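Undergrad: Counted from 1, the sequence shown has number 110 at position 111 by numbering that gives the first Met the number 0; the numbering is strictly sequential. Even for Gly, the Cβ is constructed at its ideal location relative to N, Cα and C. A quick note: this is a predicted structure, and the numbers were derived from the prediction, not measured.
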Amino acid sequence: MRSQIPGPSFPSPSPVGSARPGPAHRRPVVGIIGNSSLLNESYPVHAGGTMNSEAVALVSRCLPLIIPTDPTFVTVEELLDLCDGFLLTGGRPNVHPSEYGEDETPAHGSFERARDAITLPLVRACVERGQPFLGICRGFQEVNVAMGGTLHPEIRDLPGRMNHRMPPDGTIEEKFALRHPVRFTPGGVFHRLMGAEEVMTNTLHGQGIARAGQRIVIDGTAPDGTPEAIYVEGAKGFTLSVQWHPEWNAASDPVSRPLFAAFGAAVRDWAECRAPTRLSA
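#1: As a quick exercise: from Phe-110, Pro-245, Glu-103, pick the residue whose alpha carbon is nearest that of Ser-59.
#2: When you compare only the Cα positions, how much space is there between Glu-281 and Asn-93?
#3: Whose CA, out of Thr-220, Arg-191, Gly-205, Gly-187, lies closest to the CA of Met-199?
#4: For the beta strand (DSSP E) containing Ser-35, name the first residue and the last one.
#5: Under a three-way DSSP split, which group does Leu-87 fall into?
#6: Using only the alpha-carbon positions, how far apart do Ser-36 and Leu-258 sit?
#7: Going by DSSP, what residues sit across from Phe-132 in a beta bridge?
#8: Quick one, are the C-beta atoms of Pro-70 and Ala-116 less than 7 Å apart?
#9: Return helix, strand or coil for Phe-189, following the three-state DSSP convention.
#10: I need the straight-line Cα distance from Glu-76 to Ile-31, nearest angstrom please.
#11: Can you tell me whether Pro-120 is helix, strand or coil according to DSSP?
#12: Using a 10 Å radius around the Cβ and a threshold of 16 neighbouring Cβ atoms, would you call Gln-213 buried or exposed?
#13: Given a cut-off of 7 Å, decide if Phe-262 and Leu-133 are closer than it, judged by their beta-carbon atoms.
#14: For Arg-45, does the three-state DSSP call read helix, strand or coil?
#15: Tell me the residue span of the beta strand (DSSP E) that contains Ile-217.
#16: Could you spell out where the beta strand (DSSP E) holding Arg-164 opens and where it closes?
#17: Going by other Cβ atoms of all chains shown within 10 Å of its Cβ, with 16 needed for buried, is Glu-103 buried or exposed?
#18: By DSSP, does Glu-227 sit in helix, in strand, or in coil?
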C-alpha cells in the first residue's frame with residue numbers, strides 16, 4: 000500500500016550513491032517543470048537548472064526529465080501518465096495574480112502564463128491521485144495558489160518583513176548561502192523528517208503566501224513570520240513544498256538531503272504501485 004505523507008512515517012529512502020537499477024527495474028521518472036527563457040538573448044528554450052537534475056538523480060535516485068511546461072506541447076493527462084512524480088521548480092516569472100482573483104500590478108513582476116496553465120491543474124490532479132510532487136520557491140507558491148490561496152506580490156514591502164530576495168551581487172555560492180532559520184511545528188511533518196525543530200536555509204524569493212489555500216498546512220516559518228514549509232492536509236501522496244531552494248548542494252546539505260531522499264522514496268513507492276497498470280497499457 001502506498002505510504003501516506005504526511006503520516007506517522009515516511010517511505011524509507013535508499014542510500015545516496017547506491018547502484019542504479021538494471022533495465023528490468025528502471026528508475027522512476029521525475030518530471031522537472033521547465034521554464035521558458037532565451038539562449039544568447041534570442042533563441043527560445045525550455046530549460047531546467049542543472050542542480051535540479053543533480054538532486055533528483057543523485058539524492059532522490061530517480062530519472063530527471065525536463066518538461067516543456069506549455070499546453071501547446073503537453074497536456075496534464077500525458078504528464079501524469081508519463082511521470083511518476085514532479086519537481087515544481089523555482090523560476091523568475093511569478094504566478095499571474097488573476098489565478099487567485101487579483102489584478103495585475105507592476106509589483107507582481109513578470110509572468111509565464113503557459114506554465115500556470117500546466118502546473119496549477121497538475122498540482123490539483125496529483126493531490127487527487129496521490130501522485131507525489133515536491134514544490135520549490137515558485138513551485139511552493141503554485142501549490143498554494145492551486146489549492147485556492149493567495150500571494151503577496153512583494154513581501155519585503157510588508158511591515159516587519161525581511162528582504163528574502165536573492166542578493167544582487169556575489170558568486171553563486173554567496174547567493175545560495177544559508178541566510179535565515181526556519182522553525183517547524185513541534186512534532187510536525189517537517190520536524191519529523193529533519194529531526195530538528197529549526198534549520199538554516201537560503202532565501203531567493205520576492206513573493207510569499209498571503210492567505211493559505213484550502214487544506215494547506217503551514218508547517219514552517221521564517222523569523223519574520225513568512226511561511227516557508229507547507230503540505231496538503233489529508234493528501235494521499237507526498238506534497239511537501241518549501242519556499243527556499245533545497246536543490247543547492249542537495250547531496251551534502253543536512254536539510255536538503257532528507258527532503259529529496261524522502262521525495263525519491265515516495266516516487267519509487269508510487270512507481271511500484273502503478274507498474275502493473277503501465278506494463279499492461
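TA: Concretely, from the data shown:
#1: Here residue 59 is taken as the residue at index 60 of the sequence shown, counted from 1. Comparing Cα-Cα distances from Ser-59 to each of Phe-110, Pro-245, Glu-103, the minimum goes to Pro-245.
#2: With the chain covering only 0 through 280, there is no way to say anything about residue 281.
#3: The count along the sequence shown starts at 1 and reaches residue 199 at position 200. Nearest option by C-alpha distance: Thr-220.
#4: Translated into positions along the sequence shown, residue 35 becomes position 36. 34-38 is the extent of the beta strand (DSSP E) around Ser-35.
#5: Locating residue 87 in the sequence shown gives position 88, counting from the first residue. The answer is strand: DSSP assigns Leu-87 an E or B state.
#6: Walking along the sequence shown from the start, residue 36 turns up at place 37. Walking along the sequence shown from the start, residue 258 turns up at place 259. The alpha-carbon atoms of Ser-36 and Leu-258 are separated by roughly 28 Å.
#7: Residue 132 sits at position 133 when you count from the first residue of the sequence shown. Answer is Phe-85.
#8: Start at 1 with the first residue of the sequence shown, and residue 70 comes out as number 71. Start at 1 with the first residue of the sequence shown, and residue 116 comes out as number 117. Taking 7 Å as the Cβ cut-off, Pro-70 and Ala-116 qualify as a contacting pair.
#9: Within the sequence shown, residue 189 is the residue found at index 190, counting from 1. In the three-state DSSP reduction, Phe-189 falls in the helix class (H, G or I).
#10: What you label residue 76 is simply residue 77 of the sequence shown in a count that begins at 1. What you label residue 31 is simply residue 32 of the sequence shown in a count that begins at 1. About 16 Å.
#11: Mapped onto the sequence shown, residue 120 falls at position 121. It is helical.
#12: One-based indexing of the sequence shown puts residue 213 at position 214. That one is exposed.
#13: Here the question's residue 133 lines up with position 134 in the sequence shown. Here the question's residue 262 lines up with position 263 in the sequence shown. Yes; because the gap between Cβ atoms is below 7 Å, this pair is in contact.
#14: Counting from one through the sequence shown, the residue named residue 45 turns up at place 46. Per the sequence presented here, residue 45 reads as His, with Arg not at that position. If DSSP states are grouped into helix, strand and coil, His-45 belongs with the strands.
#15: As a working mapping, residue 217 is identified with position 218 in the sequence shown. First-last of the beta strand (DSSP E) with Ile-217: 215-220.
#16: Indexing the sequence shown from 1 puts residue 164 at position 165. No beta strand (DSSP E) holds Arg-164; DSSP gives it neither H nor E.
#17: Along the sequence shown, read from residue 1 onward, the residue named residue 103 stands at position 104. That one is exposed.
#18: The count along the sequence shown starts at 1 and reaches residue 227 at position 228. Here Glu-227 sits in strand by DSSP.
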